[in-house]
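Numbering (this note's numbering), first residue to last: 4 to 638.
Virtual Cβ for every residue (Gly too), placed ideally from N, Cα, C.
Nothing here was measured: the structure is a model prediction, and the numbers come from that model.
Heads up, the thing below is written out as structure tokens.
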């Protein structure tokens, strides 16, 4: 009997010559010894890597979750920035996409880092891009930032390049589309035609490394404690300076110098600045600027022909080029209309801002900003009610039933105070309105106003001075006429900061901590000694430093020390303090008959009725139980 043949199951299947050849190669490679030296010829020591398809298909993109699709498009947008014409610079200099800072339905903002030797170029910029359907908001923001650049303020985000149009790369269908449309050619075949109306819009802005106000607070205050009083004063100082720029075009009023009329001969002798000189100055920065082109000329070379493109608005360039800034004959006040923590950025410190509490705070995102008209029209009022974030916009923009509405810079001031309120109390401001009375015992004058910030009075009196609380509650006044003007507010802030600086200098020179004089004997208890009381330092508007209420080991933070009276009690002068507060019960104004308030009142009435019914039922049960017990006793 012949022996059985040993075979594998794979022998039963007919194999192709390619499969046999691959198996033989694998078997030979498994039996070969590992060489000591890697081969230098065409022969490889290992298998060639498999080809990986990087770009997913449309079906794979649609199968992603919303978060995955969002992240994929953001990374794709950053990766495709290498093909941007405006980022192409000879000599190996380029801009690298770092991360996406924010994305909306019609726009995106990303951080780009400069890779090059030019030290005068900003190390990083923010590219803000929007699609073709929402370019009007970016045009408005670019124009307003170009106007604000004339002030040279550190409290307004800088504009490095005004708006310009370019081709998208296809990373997103709305804010980064490819500007091509499919049409029929002459022979009836489908062709791709470049459409200038589908171009995207971009601007280049300053990058604030500390992020927005919320991110900065998480960094400097990770334990979520109450911010210091000095930090709040400095924060108010920066924002009031920014509001000054919006209102007047400069941070503070300066006397105008007398104009010298130059003669005709002197004007003729002065050399004029040529266009070539301006272009040379423009190229000092590697941040690409708007190229001078005529209408109908294309400047894009991302795979499309040289066709006509929409004309870029006639805007001037960056804040670093004074010769190209717009000349504003008469300043028109600007209202931000979207002041919130996300749009309040924090930059680096400078000579006047040496610690985190002195960081430079800047206004950003002027997409909803408008110039104040000479006469406030109903259309402007309606636009003001449309803008702003809920819970941060001022009451004159919130309630439709308000009469004699005055929409202006006082609304931006209210939003700033609301942001500070949220930083302190970790909540948004309530809708209840309380009347506050501030009495100045030095002058005998008192002021009363209705405000929405009365919850600040519930804080510990050791946290903040009443001068600061009064300023915040005045800024949160319900009526526009009760809010402080920028001049008076800036004067109060300057005086408070000067008082804090003087207190710091006195604490640093305190003789109690000076042991070089040898004024302490051996074994003498340091705690038994007490420092000499500081001289009471008076300022205008009752700014007073009182050492009696400041423990020696506590940091200097209070500008004055005032007392509070209970609800409805008369105002008194306590321990030589200058003023006290008197809080009255909440009061709603008559014209606030909005649907929201009516619904709130109805809910309160229903709750009161339910409580009364519950109380009546409880009393009825008590009477029934009493009757039953009496019946049992009688039985």
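Item to check | DSSP three-state assignment for residue 234, whether helix, strand or coil | outcome: helix
Next on the checklist: Applying the 10 Å Cβ sphere with the 16-neighbour rule, what's the burial state of residue 346?
Outcome noted: buried
Next on the checklist: Tell me the rounded alpha-carbon separation between residue 618 and residue 610.
Outcome noted: 12 Å
Item to check | Cα-Cα separation, residue 387 to residue 111 | outcome: 25 Å
Checklist entry - So, do the stretch 97 to 111 and the stretch 123 to 136 have three or more beta carbon pairs nearer to each other than 8 Å? => result yes
Checklist entry - Would a C-beta distance cut-off of 8 Å place residue 377 and residue 250 closer than the cut-off? => result no
Next on the checklist: Does residue 424 come out as helix, strand or coil in the three-state DSSP assignment?
Outcome noted: helix
Checklist entry - For residue 466 versus residue 175, is the C-beta spacing smaller than 8 Å? => result no
Item to check | Three-state secondary structure (DSSP) of residue 127 | outcome: strand
Checklist entry - What is the rounded straight-line gap between the Cα of residue 188 and the Cα of residue 194? => result 6 Å
Checklist entry - Should residue 339 be labelled buried (16 or more other beta-carbon atoms within 10 Å of its own) or exposed? => result buried
Next on the checklist: Given a cut-off of 8 Å on the beta-carbon distance, is the pair residue 161 and residue 233 in contact?
Outcome noted: no
Checklist entry - Is the stretch 70 to 85 close to the stretch 163 to 178, with three or more CB pairs under 8 Å? => result yes
Checklist entry - Mind checking residue 507: buried by the 16 CB within 10 Å criterion, or exposed? => result exposed
Checklist entry - From this set, 69, 490, 185, which residue's C-alpha is nearest residue 413's C-alpha? => result 490
Next on the checklist: Could you tell me the alpha carbon to alpha carbon distance between residue 317 and residue 184, rounded to whole angstroms?
Outcome noted: Its pLDDT being 48, under 50, residue 317 is placed unreliably in this model, and the value from its coordinates should be taken loosely. The alpha-carbon atoms of residue 317 and residue 184 are separated by roughly 28 Å.
Next on the checklist: residue 118 and residue 87 - do their beta-carbons sit closer together than 8 Å?
Outcome noted: no
Checklist entry - Between residue 504 and residue 604, what straight-line distance do the alpha-carbon atoms span, to the nearest angstrom? => result 48 Å
Checklist entry - Hey, how far is the Cα of residue 148 from the Cα of residue 368? => result 9 Å
Item to check | Close beta carbons around residue 156, own chain, < 6 Å, minus the five adjacent residues each side | outcome: 248, 254
Checklist entry - Taking the C-alpha atoms as reference points, what is the distance between residue 409 and residue 453? => result 17 Å
Next on the checklist: If we define contact as Cβ-Cβ less than 8 Å, is residue 139 a contact residue for chain D?
Outcome noted: Given the protein chain composition of this structure (a single chain), no chain D is represented.
Item to check | Contacts around residue 390, its chain only, beta-carbon distance under 8 Å, and the 5 residues preceding and following it disregarded | outcome: 340, 341, 371, 396, 400
Checklist entry - Do you know offhand how far residue 471's Cα is from residue 352's? => result 24 Å
Checklist entry - Taking Cβ to Cβ, would you say residue 237 is nearer than 8 Å to residue 361? => result yes
Checklist entry - In terms of alpha-carbon separation, which member of 476, 468, 463 lies closest to residue 457? => result 476
Item to check | 7 Å CB neighbourhood of residue 426 in its chain, flanking five on each side removed | outcome: 220, 230
Checklist entry - Hey, residue 350 and residue 211 are a contact pair by Cβ (cut 8 Å); roughly how many whole angstroms apart? => result 5 Å
Next on the checklist: Suppose contacts are defined by Cβ-Cβ distances below 8 Å. Is residue 641 in contact with residue 459 by that definition?
Outcome noted: Nothing about residue 641 can be read from this structure; the chain reaches only from 4 to 638.
Checklist entry - Short check: CB of residue 204 to CB of residue 141, under 8 Å? => result yes
Checklist entry - So residue 252 packs on residue 375, CB below 8 Å; how close in whole Å? => result The Cβ separation is near 13 Å, so there is no contact.
Item to check | Collapsed DSSP secondary structure at residue 480 in the structure displayed | outcome: strand
Next on the checklist: Taking only three categories from DSSP, how would you classify residue 449?
Outcome noted: strand
Checklist entry - The alpha helix (DSSP H) with residue 102 in it runs from where to where? => result Residue 102 -> not in any alpha helix (DSSP H); beta strand (DSSP E) instead, spanning 97 to 106.
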